[in-house]
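Asks:
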Amino acid sequence: MDAPLEIELKTRVDSHEPVRAALIAAGAIRIGAVLETNHFFDTPEQTMRQRGAGLRVREAIPIEPARGPGGASSPPIQAPSLATMTFKGAQQAGLFKARGEIEFVVDRAEAAINLLAAVGFVETLRFQKRRESWTLRDCEVELDELPQLGRFVEIEGPSDDAIRAIALQLGLDPAHSIRESYAALLAATRPPDSPRPFVIAFD
Numbered sequence: 004m005d006a007p008l009e010i011e012l013k014t015r016v017d018s019h020e021p022v023r024a025a026l027i028a029a030g031a032i033r034i035g036a037v038l039e040t041n042h043f044f045d046t047p048e049q050t051m052r053q054r055g056a057g058l059r060v061r062e063a064i065p066i067e068p069a070r071g072p073g074g075a076s077s078p079p080i081q082a083p084s085l086a087t088m089t090f091k092g093a094q095q096a097g098l099f100k101a102r103g104e105i106e107f108v109v110d111r112a113e114a115a116i117n118l119l120a121a122v123g124f125v126e127t128l129r130f131q132k133r134r135e136s137w138t139l140r141d142c143e144v145e146l147d148e149l150p151q152l153g154r155f156v157e158i159e160g161p162s163d164d165a166i167r168a169i170a171l172q173l174g175l176d177p178a179h180s181i182r183e184s185y186a187a188l189l190a191a192t193r194p195p196d197s198p199r200p201f202v203i204a205f206d
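Residues 4 to 206, numbered by the numbering used here, are exactly what the sequence shown covers, in order.
1) With DSSP as the reference, label Ala28 as helix, strand or coil.
2) Looking only at C-alpha atoms, which of Ser162, Lys13, Asp164 sits nearest to Gly153?
3) So, helix, strand or coil for Arg23, using DSSP?
4) Suppose the cutoff is 7 Å on Cβ atoms and the five residues either side in sequence are ignored; what does the same chain contact list for Arg193 look like?
5) Report the rounded CA-to-CA distance for Pro150 versus Leu188, giving the unit in angstroms.
6) Pick helix, strand or coil for Pro177, following the three-state DSSP scheme.
7) Please report the straight-line C-alpha distance between Ala190 and Glu135, rounded to a whole angstrom.
8) Nearest-angstrom Cα distance between Gln94 and Val16?
9) State yes or no: is the C-beta of Leu8 within less than 8 Å of the C-beta of Gly160?
10) By DSSP, does Asp45 sit in helix, in strand, or in coil?
11) How many angstroms separate the CA atom of Phe205 from the CA atom of Gln131?
12) Given a cut-off of 8 Å, decide if Pro47 and Val125 are closer than it, judged by their beta-carbon atoms.
13) What's the gap between the Cα of Ile32 and the Cα of Asn117?
14) Taking the continuous alpha helix (DSSP H) assigned at Arg140, which residues delimit it?
15) Once you ignore the five residues that flank Leu26 on each side, which residues in its own chain have a CB closer than 8 Å to its CB?
16) Quick one, which of Ala120, Leu38, Gln53, Gln49 has its alpha-carbon nearest Ala86's?
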């Protein structure tokens, strides 16, 4: 059975402020902000990397309440404190990055991490990310900040056309879309002799 397809645009920005202002002006709904810790796993033979796939356990801690249109307070749309386990397949052809994705909620990230270790997976990368989440029409917009890499905007939606329309509305150039994942961008900064997992965190 084919995995549901994740289609997204990722672009680097100097500041989130212009995009945040455009989201408010467009009536977007602010879900909230979290601090993520992302744990990536592979087999000792690096089978996942060779396939272009990824296996991740994510922990997310809320760092401020959710907001509604124009910044008004609103209850959270989802509980970001719940951890998730995600498998992502190899990238597919398309205007933006597209990958099959299987994701589900787990009660405790620690239990999922221990399970993967017990069946032979090895943690290869661990990194933190600050993420502020919004919804605009049928797309999800993420304002991300990562140590070493800086600030990004991600737009996930049902089609290339839907994503492109939101990007233009937010003042972003779809031609500047980055196809590499955060994991790949961070792995490229890894020193040759660094221990596993390679850990990147905010100071």
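Backbone N, C-alpha and C fix where the C-beta goes; we use that ideal spot for every residue, glycine too.
Replies: Inspection of the coordinates gives the following:
1) Looking up residue 28 in the sequence shown gives position 25. Note: Ala28 maps to helix in three-state DSSP.
2) Counting from 1 along the sequence shown, the entry for residue 153 is found at position 150. With respect to the C-alpha of Gly153, the residue from Ser162, Lys13, Asp164 having the closest C-alpha is Lys13.
3) Position 20 of the sequence shown, counting from 1, holds the residue named residue 23. The answer is helix: DSSP assigns Arg23 an H, G or I state.
4) Translated into positions along the sequence shown, residue 193 becomes position 190. Correct list, in chain order: Phe201.
5) Taking the sequence shown and counting its residues from 1, one reaches residue 150 at position 147. Taking the sequence shown and counting its residues from 1, one reaches residue 188 at position 185. So the alpha carbons of these two residues sit roughly 11 Å apart.
6) The sequence position of residue 177 within the sequence shown is 174, counting from 1. Pro177 falls in the helix class under three-state DSSP.
7) What you label residue 190 is simply residue 187 of the sequence shown in a count that begins at 1. What you label residue 135 is simply residue 132 of the sequence shown in a count that begins at 1. Approximately 23 Å between the Cα atoms of the pair.
8) Walking along the sequence shown from the start, residue 94 turns up at place 91. Walking along the sequence shown from the start, residue 16 turns up at place 13. Taken atom to atom, the span from the alpha-carbon of Gln94 to that of Val16 is near 23 Å.
9) Reading the sequence shown from its first residue, position 5 is the one you call residue 8. Reading the sequence shown from its first residue, position 157 is the one you call residue 160. No; because the gap between Cβ atoms is not below 8 Å, this pair is not in contact.
10) To locate residue 45, count along the sequence shown from 1; it is residue 42. Correct three-state label for Asp45: strand.
11) Translated into positions along the sequence shown, residue 205 becomes position 202. Translated into positions along the sequence shown, residue 131 becomes position 128. C-alpha separation (whole angstroms): 7 Å.
12) Taking the sequence shown and counting its residues from 1, the one referred to as residue 125 is at position 122. Taking the sequence shown and counting its residues from 1, the one referred to as residue 47 is at position 44. Yes, these two residues count as a Cβ contact at 8 Å.
13) Start at 1 with the first residue of the sequence shown, and residue 32 comes out as number 29. Start at 1 with the first residue of the sequence shown, and residue 117 comes out as number 114. The straight-line gap from Cα to Cα measures roughly 36 Å.
14) Along the sequence shown, read from residue 1 onward, the residue named residue 140 stands at position 137. Here Arg140 belongs to no alpha helix (DSSP H), and DSSP marks it neither H nor E.
15) Taking the sequence shown and counting its residues from 1, one reaches residue 26 at position 23. Answer for Leu26: Arg33, Trp137, Leu139, Val144, Leu173, listed in chain order.
16) Mapped onto the sequence shown, residue 86 falls at position 83. Measuring from the Cα of Ala86, the nearest candidate turns out to be Leu38.
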